[in-house]
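To start, the structure itself, in structure tokens.
Residue numbers (my numbering): -16 to 598.
Have a look at this one:
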């Protein structure tokens, strides 16, 4: 008697459930370069520009590259090849692929859909902020270069003077942020209009799937590299660029003893390569079945990581200029205070001679020096003032651009680059949402894909309007922290287990050989069967442990806070913590719910014949 093949039976049942749509009718990429750019554009996003440089700087500079390389080689690339291979072999989106491997794993596809949907909600909101700044960049001077007049028009706005012009423009004139997450406030109409415009642009680009995104990707994927190169050339010619690069890449090997460094490196791989979102599976499904997906996985992963490094060099060359400029202004203020206090001739103290003059005056007249309350002007302190995410783009880097010659032109380039980076990532997110919906067969065949895509974009826009409230930035930070963190690790672990231990390692290796012409080597097999699952479990346990150590909190912009303009640390209310837990667990609950539904369906089918015999 021949041995039963559960995986093959599951695949047959799944494909029957998905319908008998001919594979010949599935759209295909126009060429290989178009596919490569689409995957690269989906992977290379805002995190490459404003999260990776921050992690390098805060986790030992060049030392962070070691755990990042380990995570890339033993976690990122093996998982990436799995997604490209299964999508290309089965010619389906994420839901169709995992249902074909096993109906009990259909929830993995639903979980990927849920993650991509939740990420799309807030990711496009970030693009609306970028669009607002881009529109305001066509001004001379830039609107965030100085504080506006107050209501009485007799002086500058006090809140702006207490912080800075760039912070005031971001927190008050853009977000008009409330002082507490419980204070929702009103809708900011300028942000709502920008959000609607962003979703309209996304819809026009994804209206017919890869037929339209494949054309737009040539610009959205390549334009950021041109802008990064322009910023790099300009940044390296600015005074202080060397200080920024030295600070970024000076290795501090002691930081490698901190588990947080390894956790951040491992989680950065998920966001950097867009793993477990389902977009790469959908993109790969439009490839010819015999495309060399192994070569694609390695090439795209390496280019993506090199892009992160390239962006870090560019960003910190400019931030080094900003730190040097701020350091010089700090010295000038202290020098002016000394000149006025001791009635010295103008320009009697230079920046280079400041420390010597201060030491001399401290020795001869320490009481008078102490009365001045001079600020500490250490260059390292200004280099420390970096941030990740919106803080880097809308405050720190924006302030650096203000001091560059031709500031409006550089602002237009910078925010144009961010917009195209985010737009190309949105193509993958929306494909990961629409493709599974088509695979599910819940949409009648007479409904055109354009209508389904439009409905998905409209629903996302309506739900994302909550981010345009005065408390919207707090909720966006919650979505960013919890919607795609724990779930991605769980989904990636299930993807490896599903392919290796359910679909079968031998069968998967045979498929890879059929597609690429060569079987996966020892490195791939060891990673898939042992190293990658163990790394993912370790990351999962470590992430939960760090989360349990400190309850989630947020930093509120409160002008009445005694340490203003610093942001006030606040604890989330209980109902907000419940929302955080729901966001973290929702994709995982999709996996459990689908598995239970399949189990109940199997039991129902098993008992039906017996019931019929009884009747």
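Where a beta carbon is used, it is the ideal one built from N, C-alpha and C, also for glycine.
Tell whether a beta-carbon distance below 8 Å holds between residue i and residue j.
| i | j | result |
| --- | --- | --- |
| residue 192 | residue 307 | no |
| residue 251 | residue 116 | no |
| residue 356 | residue 57 | no |
| residue 120 | residue 395 | yes |
| residue 154 | residue 578 | no |
| residue 284 | residue 55 | yes |
| residue 379 | residue 302 | yes |
| residue 9 | residue 71 | no |
| residue 96 | residue 447 | no |
| residue 231 | residue 310 | no |
| residue 367 | residue 38 | no |
| residue 114 | residue 204 | no |
| residue 436 | residue 186 | yes |
| residue 523 | residue 473 | yes |
| residue 337 | residue 319 | no |
| residue 92 | residue 77 | yes |
| residue 575 | residue 90 | yes |
| residue 321 | residue 344 | yes |
| residue 211 | residue 400 | yes |
| residue 165 | residue 556 | yes |
| residue 332 | residue 342 | no |
Would you give the residue range spanned by the beta strand (DSSP E) that residue i belongs to?
| i | result |
| --- | --- |
| residue 553 | 551 to 554 |
| residue 537 | 536 to 539 |
Is residue i close to chain B, meaning its C-beta is less than 8 Å from at least one C-beta of that chain?
| i | result |
| --- | --- |
| residue 178 | Reference to chain B is not applicable here, since this structure consists of a single protein chain. |
CB-CB under 7 Å to residue i, same chain, minus the five flanking residues each way: which ones, in chain order?
| i | result |
| --- | --- |
| residue 539 | 162, 163, 550, 551, 553 |
| residue 49 | 239 |
| residue -2 | In this prediction, residue -2 scores a pLDDT of 37, lower than 50, which makes its location untrustworthy; the coordinate-derived value is nonetheless stated afterwards. 83. |
| residue 588 | none |
| residue 125 | 385, 390, 391, 394 |
Using DSSP bridges, identify the partner residues of residue i.
| i | result |
| --- | --- |
| residue 170 | 452 |
| residue 73 | Beta-bridge pairing links residue 73 to no other residue. |
| residue 139 | 132 |
Hey, quick one: how far does the alpha helix (DSSP H) through residue i stretch, first residue to last?
| i | result |
| --- | --- |
| residue 386 | Residue 386 -> no alpha helix (DSSP H), and no H or E assigned at all. |
| residue 250 | 242 to 256 |
| residue 16 | 15 to 26 |
| residue 330 | No alpha helix (DSSP H) contains residue 330, which DSSP labels as neither H nor E. |
| residue 354 | 349 to 354 |
| residue 532 | 515 to 532 |
| residue 488 | 488 to 499 |
| residue 432 | 432 to 447 |
| residue 112 | 89 to 119 |
| residue 40 | 35 to 41 |
| residue 224 | 224 to 232 |
| residue 206 | 193 to 219 |
| residue 55 | Run containing residue 55: none; DSSP gives neither H nor E here. |
| residue 151 | 148 to 151 |
| residue 469 | 469 to 480 |
| residue 165 | Counting along the chain, residue 165 falls outside any alpha helix (DSSP H), and DSSP gives it neither H nor E. |
| residue 265 | 262 to 267 |
| residue 507 | 505 to 509 |
Can you name, in chain order, every residue of its own chain whose Cβ lies under 6 Å from the Cβ of residue i, other than the five neighbours on each side?
| i | result |
| --- | --- |
| residue 471 | 253, 259 |
| residue 5 | The predicted model places residue 5 with a pLDDT of 37, which falls under 50 and marks its position as unreliable, so this point remains unresolved. |
| residue 21 | 200, 266 |
| residue 221 | 304 |
| residue 273 | 498 |
| residue 11 | 269 |
| residue 388 | none |
| residue -11 | Its pLDDT being 38, under 50, residue -11 is placed unreliably by the model, and the measurement read from it follows with that caveat. Hits under 6 Å: none found. |
| residue 214 | 297 |
In its own chain, which residues sit with a C-beta less than 8 Å from the C-beta of residue i, not counting the 5 before and 5 after it?
| i | result |
| --- | --- |
| residue 257 | 25, 26, 28, 263, 408, 411 |
| residue 327 | 321 |
| residue 7 | Its pLDDT being 48, under 50, residue 7 is placed unreliably by the model, and the measurement read from it follows with that caveat. So the list is empty, once near-sequence residues are dropped. |
Practice problem: Say whether the stretch 470 to 490 touches the stretch 72 to 89, bearing in mind that this needs 3 or more beta-carbon pairs closer than 8 Å, one atom from each stretch. | Solution: Counting Cβ pairs under 8 Å, three or more are found: they touch.
Quiz item: Are the stretch 275 to 289 and the stretch 498 to 513 touching by the rule of at least three beta carbon pairs closer than 8 Å?
Solution: yes
Practice problem: Give a yes or no on contact between the stretch 172 to 185 and the stretch 378 to 395, applying the rule of three or more CB pairs nearer than 8 Å. | Solution: no
Quiz prompt | Cβ contact check for the stretch 414 to 428 and the stretch 262 to 272: 3 or more pairs under 8 Å | solution = yes
Practice problem: Say whether the stretch 563 to 578 touches the stretch 451 to 471, bearing in mind that this needs 3 or more beta-carbon pairs closer than 8 Å, one atom from each stretch. | Solution: yes
Practice problem: For the stretch 100 to 110 and the stretch 443 to 461, state whether three or more C-beta atom pairs, one from each stretch, are separated by less than 8 Å. | Solution: yes
Quiz item: Between the stretch 120 to 133 and the stretch 288 to 297, are three or more C-beta pairs nearer than 8 Å?
Solution: no
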